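S.K.:
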Amino acid sequence: MKSVLVVGGAGYLGGAVTDLLLKSKYNVRVYDNLLYEESFRKPVDFIYGDVRDKKKLLNQLRWADVVVWLAAIVGDGACQLNPDLTMAINRDSVKWLSENYDGRIIFMSTCSVYGAQNRELDENSPTNPLSIYASSKLQAENFLINKNAIIFRLGTLFGVGDLFSRVRMDLVVNILTVKAATLGKINVFGGNQFRPLLHVKDVARMIKMNIETEYTGIYNLKYRNVRIIDLAYQVQNHYPNCIIEKTDMPFQDTRNYRVSSQKAKETFGFSTNYSIDTGIEEIKYLINTGRIENVNNTRYSNYKHLEEQINRGKNK
Ligand SMILES: NC(=O)c1ccc[n+]([C@@H]2O[C@H](COP(=O)([O-])OP(=O)(O)OC[C@H]3O[C@@H](n4cnc5c(N)ncnc54)[C@H](O)[C@@H]3O)[C@@H](O)[C@H]2O)c1
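Sequential numbering from 141 applies to the sequence shown in the working numbering.
What follows is the structure, encoded as structure tokens:
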């Protein structure tokens, strides 16, 4: 039975991955420094630790046959707050991993490594990272290219992992749904920019599926490439009284890109089970049932939460 270490497993995607692995035949352990949570409550071995704590992490790597590497400062704004810290966590710790671990690695990168480009992009398209976040992920990828590592370049995630997993409200589908639910108004800047989108549970399934495969290299994963204005209309379908306010955007959105997932489909049968409408309904349910009391709590936004910590002098 393989032992799987989920590094960054207390996060949004980590919640969905951990749930799925808990129902599997694998031994599962989560390693995370709980940047956004006070405690970890899933019924799984949990090691509180920072990926920069090499001694602690090395002990766990010795235990693991497979590492699912999710730990990162995630998002352009969050990464910009402290670029040195971002590089230390997102890039340097992956370099160290590549030098100190020979098991299977499943690594999450991002489609934002492509930057703004006006055509459908595949894994051979030129990269054009326009943020510290994208740049840190692209550099991290390079350390893994000759390892037993599969790298997923993910679109922007949406939906809910499960009712007890961390959820992020700073991602475009989720954020537009929150705005429609709480303000009755969605502001769209520009709107013609495309974004590849993907349900958080579909990624979790692809991660699990590849624990025992031998596929390596880079794969784009997306459900659909969607224009932001079309997404706003789609959210409006779930909140018919909601108003859409469109503002012409004075600058080019750095995250305008469309990707193809053909390579993942052909190689390991990548497929999706969850639509954007499902994701919108899941977020709506969280709000309607009061599971999220205050959608403005900073814990749901990586940027706001880390900014608050910096202001309190608690920058880790
Ligand atoms: N959510 C998306 O839309 C999206 C899109 C593309 C790629 N990704 C990638 O997927 C992965 C997971 O993203 P997410 O949305 O779950 O983000 P998240 O912020 O919810 O989770 C990141 C987790 O990593 C942990 N972490 C951060 N720094 C750490 C450190 N120094 N040591 C140990 N743990 C640390 C955090 O506590 C958190 O639990 C990331 O690598 C991200 O780059 C996510």
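All residues carry an ideal CB built from backbone N, CA and C; glycine is no exception. Quick caveat, the model's predicted, so the values are computed rather than measured.
#1: I'd like to know whether the C-beta atoms of A211 and V147 end up nearer to each other than 7 Å.
#2: Nearest CA to the CA of L162: which residue from Y425, K182, W209 and E177?
#3: Could you tell me which uninterrupted beta strand (DSSP E) segments, each at least 3 residues in length, are contained entirely in the segment 223 to 304, listed from first to last along the chain?
#4: In angstroms, rounded to a whole number, what distance separates the CA positions of A218 and C251?
#5: Any contact of the segment 265 to 275 with the segment 325 to 339, i.e. 3+ C-beta pairs under 8 Å?
#6: Closest to D388 by C-alpha separation, out of Q402, Q376, I369 and R398, would be which residue?
#7: In the structure shown, what three-state DSSP assignment does I384 receive?
#8: If you drop the 5 nearest sequence neighbours on each side, which residues of the same chain put their C-beta closer than 8 Å to that of D262?
#9: What I want to know is whether the C-beta of L237 ends up closer than 6 Å to one or more non-hydrogen atoms of ligand 1.
#10: So for R181, helix, strand or coil by DSSP?
#11: On the three-state DSSP scale, how would you describe N327?
#12: Go through its chain and collect everything with a Cβ distance to K165's Cβ below 7 Å, but skip five positions before and after it.
#13: Counting Cβ pairs, one atom from each stretch, are 3 or more of them under 8 Å apart for the segment 224 to 235 and the segment 310 to 329?
#14: What separation, rounded to the nearest whole angstrom, lies between the Cα atoms of V234 and V208?
#15: With the cut-off set at 7 Å, would you say V157 and I420 are in Cβ contact?
#16: Going by DSSP, what residue range makes up the beta strand (DSSP E) through R364?
#17: Is the beta carbon of F292 less than 7 Å from the beta carbon of M248?
#18: For Y373, is the beta carbon positioned less than 6 Å from some heavy atom of ligand 1?
#19: Could I get the ranges of all uninterrupted beta strand (DSSP E) runs contained in the segment 378 to 450, with 3 residues as the minimum, in chain order?
M.R.: On the basis of the supplied data:
#1: In this structure, the beta-carbon distance from A211 to V147 falls below 7 Å.
#2: Comparing C-alpha distances from L162 to each of Y425, K182, W209 and E177 shows the shortest one belongs to K182.
#3: Counting whole runs of 3 or more residues, the segment 223 to 304 contains the beta strand (DSSP E) stretches 244 to 250, 289 to 294 and 296 to 298.
#4: Rounded to whole angstroms, the gap between the alpha carbons of A218 and C251 is 17 Å.
#5: With a cut-off of 8 Å on Cβ pairs, the segment 265 to 275 is not in contact with the segment 325 to 339, counting fewer than three such pairs.
#6: With distances taken between Cα atoms, D388 lies closest to I369.
#7: The answer is strand: DSSP assigns I384 an E or B state.
#8: Closer than 8 Å at the Cβ level, and outside the excluded window around D262, lie N360, V399, S400, Q402 and K403.
#9: Ligand 1 has no heavy atom closer than 6 Å to the beta-carbon of L237.
#10: DSSP places R181 in coil when its eight states are reduced to three.
#11: Here N327 sits in strand by DSSP.
#12: Result list for K165: M141, in chain order.
#13: Below 8 Å, too few C-beta pairs join the segment 224 to 235 and the segment 310 to 329 to call them touching: fewer than three.
#14: Their Cα atoms are separated by approximately 12 Å.
#15: With respect to the 7 Å criterion, V157 and I420 are not classified as neighbours on the basis of their beta carbons.
#16: Note, R364: beta strand (DSSP E), R364 to R367.
#17: Yes, they are a contact pair.
#18: No; taking the cut-off as 6 Å, the Cβ of Y373 has no heavy atom of ligand 1 nearer than that.
#19: Listed in chain order, they are 383 to 387.
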